[in-house]
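A.B. asks:
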Amino acid sequence: MLLFNKKKKNLENIYNKVVEQSKQSFYLISNKEKKEELTLEFFQLNLILILWYMRNNKLEKTHIDYLIKKFILDLENLFIEMGGSETSLRKKIRPIVENFYGRLYSYSLLFDKFYKLNDNLNFKKIIRKNFRYKVNVLLLDSYLKNNLIFLRKLKVLNFWESDFFFCKTLVLSI
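The sequence shown: position 92 = 87 (this note's numbering), numbered continuously.
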């Protein structure tokens, strides 16, 4: 139990780091609007990157589940803080959670394929499909590739110490 408590604290730190770094992802938005929904989409993408890393490094499923449950709980709390009623909570949160699981599945398959093809894969099609708001697809494609390459090299010990940053991408002139 004590071991899980230490891991739980590490997982909390990892989750909080994903939140903070996701807030800094707005340079990928082509219209420069800060929308709450877009923040959530970037956060989901970064969380999916972390979950993919954990699965690929064979970290315990309970740790992966913990991060997913924390995400869902945060969604519920956010909905209530924004004035939503607890009676309509399930109806409002369910589509977001279903969307998240769909993205988790499709992105994970793509990340695995990217990993097997030695970094030679185009994410533009899935980015256009998964983002409701206008984003700079070329920058986001580069962002994903850079982070997958970085995560592939990240040592598990560094991961548990939250010693990682999402890679920034070079600004492309379009």
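Cβ atoms here follow ideal geometry from the backbone N, Cα and C, with glycine treated the same way.
Note that the structure is predicted; figures quoted are calculated from it, not measured.
1) Alpha carbon to alpha carbon, how far is E55 from L152? Give it in angstroms, no decimals.
2) Can you tell me whether DSSP reads Y130 as helix, strand or coil?
3) What is the DSSP secondary structure of E55, reduced to helix, strand or coil?
4) What do you get for D136, buried or exposed, if any count of 16 or more other CB atoms within 10 angstroms of its CB means buried?
5) Keeping to the same chain, check which residues put their C-beta closer than 8 Å to that of V92; ignore five residues upstream and five downstream.
6) Quick check on DSSP: helix, strand or coil for D107?
7) Check whether the region 34 to 43 touches the region 95 to 113, taking contact to mean three or more Cβ pairs, one atom from each stretch, closer than 8 Å.
C.D. replies: Considering the structure as presented:
1) Indexing the sequence shown from 1 puts residue 152 at position 157. Indexing the sequence shown from 1 puts residue 55 at position 60. One C-alpha to the other measures close to 14 Å.
2) Taking the sequence shown and counting its residues from 1, the one referred to as residue 130 is at position 135. With the sequence shown as reference, residue 130 is identified as Val, and Tyr is not the correct amino acid for it. Looking at V130 - three-state DSSP - the assignment turns out to be coil, as it is neither helix nor strand.
3) Here residue 55 refers to the residue found at position 60 when the sequence shown is read from its first residue. Looking at E55 - three-state DSSP - the assignment turns out to be coil, as it is neither helix nor strand.
4) Translated into positions along the sequence shown, residue 136 becomes position 141. Buried, since its Cβ has 16 or more Cβ neighbours within 10 Å.
5) Within the sequence shown, the letter at position 97 stands for residue 92. Only I67 and L70 meet the Cβ criterion.
6) On the sequence shown, position 112 is the one that residue 107 refers to. DSSP places D107 in helix when its eight states are reduced to three.
7) yes
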